[in-house]
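Under our numbering, the first residue of the sequence shown carries the number 721, and numbering increases by one thereafter. In this text, a Cβ means the ideal position worked out from N, Cα and C, and glycines have one as well. No experiment lies behind these values; they were computed from the predicted model shown.
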Amino acid sequence: MKNLWTGLLIATLFPTLVFGQPSEISQEIAPTGTLRAVINLGNPILARRASPLDEPTGVSVDLAKALAQRLNLPLNLIPVDSAARSVESVTQGNADIGFFAIDPIRGQGISFTPAYVLIEGSYLVRKKSLITHNEQVDQANHRIVVGKGSAYDLYLTRELKQAQLVRAPTSPMVVPFFQEGTYDVAAGVRQQLESDAKEFDDLRLLPGRFMVIEQAMGQPNRASPRALQVVRDFVAEMKYNGFIRDSLIRHQIYGASIAP
């Protein structure tokens, strides 16, 4: 029954599968005739590449390829190194879709699908630090390093009352930036911080998390209501049929969970 329902949904939402040609909805989603997908390499849970010459891989790339196939469109991956650049690509019309943490500031220019993955945000400190719990971070004498324009930057900008944010150029540069200065805390994707901490003997993660990121696909707000609905339904289907779960397993991503 599940497979029958999925097949009917695909045929209804994506008539290109039946006729073999890009449909009107394909053109609405990708007006240039090519699906342009911006891929943020600053979040290793969602996308990464072994070298600058390699094609990105990850769940974001898998979803972009699946959507392009459904729409019978060629795919152009646009790799960037930060969430801020990913947002710019979509809002300025240089990409048709992107993969973002849902945030009200970004929502001014981007329409989000429901979340498909939940990602934890954590704090990292030096081993000798007196900070042992998340609740101790927001103090006037603390400086917190965060990736500029990242979901953590946007969230902490709203939530912190006393601590000062110091912005590294990108999320992957947070720990190196932190190590070069006399900062108190680094904030970011838990898995990224855990990986970086293994390279240094003097770092440790604080227990727990300070936020949960809802990761979604996004399109420009100017996209048609029908185009927005098709991508929303696509994400719902990819969660329902196990595509996203299988992609995370295939890319050996642990710690992220499928959004309800």
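Check: If we ignore side chains and look at the alpha-carbon of each, how far apart do Ala907 and Asn796 end up?; Outcome: 32 Å
Check: Would a C-beta distance cut-off of 9 Å place Ile964 and Val758 closer than the cut-off?; Outcome: no
Check: Less than 9 Å separating the beta-carbons of Ala821 and Ile798?; Outcome: no
Check: Considering only the alpha carbon of each residue, which of Ala943, Pro776, Gly962 and Met958 lies closest to Glu748?; Outcome: Ala943
Check: What residue from Ala750, Asn763 and Ser977 has the CA that sits closest to Lys868's CA?; Outcome: Asn763
Check: Given Asp801, which residues of its chain have a CB within under 6 Å of its CB, disregarding the five upstream and five downstream residues?; Outcome: Leu761, Gly762 and Thr890
Check: To test your reading of the DSSP string, which unbroken beta strand (DSSP E) runs of 3 or more residues are found completely within the region 755-800?; Outcome: 755-760 and 795-800
Check: What is the DSSP secondary structure of Ser849, counted as helix, strand or coil?; Outcome: coil
Check: Mind reading off the beta-carbon distance from Val886 to Arg863? Whole number of angstroms is fine, and I expect it under 8 Å.; Outcome: 5 Å
Check: Can you give me the Cβ contacts of Gly841 inside the same chain, cut-off strictly under 8 Å, excluding the 5 residues immediately before and after it?; Outcome: Ala871, Tyr872, Tyr875, Ala907, Gly908, Val909, Arg910, Arg929, Phe930, Met931, Val932 and Ile933
Check: Return the chain-ordered list of same chain residues with a C-beta closer than 6 Å to the C-beta of Pro940, the five sequence neighbours on each side being excluded.; Outcome: Val810
Check: Do Thr877 and the ligand MN come close, with the Cβ less than 8 Å from some heavy atom?; Outcome: The ligand MN is not part of the structure shown, which contains no ligands of any sort.
Check: Excluding the 5 residues preceding and the 5 following Thr754 in the sequence, name in chain order all residues of the same chain whose CB lies nearer than 8 Å to its CB.; Outcome: Leu793, Pro794, Leu795 and Asn796
Check: Ile973 to Gln859, Cα distance in whole Å?; Outcome: 33 Å
Check: Out of Leu783, Asp774, Pro776 and Lys881, point me to the one whose CA is closest to Phe953's CA.; Outcome: First, the amino acid is wrong: residue 953 is Asp here, not Phe. Nearest option by C-alpha distance: Leu783.
Check: Helix or strand or just coil, what does DSSP make of Glu919?; Outcome: coil
Check: If you drop the 5 nearest sequence neighbours on each side, which residues of the same chain put their C-beta closer than 6 Å to that of Leu926?; Outcome: Tyr843 and Asn854
Check: Specify, as a first and last residue, the run of the beta strand (DSSP E) that Pro940 falls within.; Outcome: Met931 to Pro940
Check: Among Leu948, Pro980, Arg756 and His971, which residue has its Cα nearest to the Cα of Lys959?; Outcome: Pro980
Check: Which residues in the same chain as Lys684 place their Cβ atom closer than 7 Å to its Cβ, once the five residues preceding and following it in sequence are excluded?; Outcome: Any answer about residue 684 is impossible in this case: the structure gives the chain only from 721 up to 980.
Check: Indicate whether Gly901 and Val950 have their beta-carbon atoms separated by less than 9 Å.; Outcome: no
Check: Please return the same chain residues whose Cβ sits closer than 8 Å to the Cβ of Pro776, not counting the five positions on each side in sequence.; Outcome: Ile759, Leu761, Ala767, Arg768, Arg769, Leu797 and Pro799
Check: Report the rounded CA-to-CA distance for Asp916 versus Val781, giving the unit in angstroms.; Outcome: 23 Å
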